[in-house]
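Input: a single structure, listed below in structure tokens.
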């Protein structure tokens, strides 16, 4: 709660960003190895973490998450899941969402 009151520090904590990154990384690694059930489970865990982070971030005075970049990725992820496109999911997690999480980790240092 105090994190939301402070106007000089970002709301996102580095630990939250790292947890999201770990879920994303594990998810695409499982998907690449053909361990679809584990990959999908980790993807859903990552989506849950992402939802919590976005909610906190968007309540901050200076949000760090660019929704204009995130929303197309989330829409693509939804389409890949709906179409059961495991390769597309893995590519998106590794090439788009993981780099975003790394960027947020760098932005949250010192939080």
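In the working numbering, the protein residues as written are 2 to 112.
Backbone N, C-alpha and C define an ideal beta-carbon position, used for all residues, glycine too.
* Within the chosen definition, does the region 87–95 reach the region 21–32 through at least 3 CB pairs nearer than 8 Å? -> yes
* To do: Give the DSSP-derived three-state secondary structure of residue 66 in the structure shown.
  => coil
* **Extent of the continuous alpha helix (DSSP H) run through residue 97** => Per DSSP, residue 97 belongs to no alpha helix (DSSP H) and is neither H nor E.
* Please specify which runs of the alpha helix (DSSP H), each continuous and at least 4 residues long, are wholly inside the region 27–81, giving them in chain order. => 37–59
* **Any 3 or more C-beta pairs closer than 8 Å across the region 63–78 and the region 94–101** => yes
* What do you reckon, are the CB atoms on residue 17 and residue 53 nearer than 9 Å? -> yes
* To do: Give the DSSP-derived three-state secondary structure of residue 86 in the structure shown.
  => coil
* Could you check what DSSP says for residue 20 in three-state terms: helix, strand or coil? => helix
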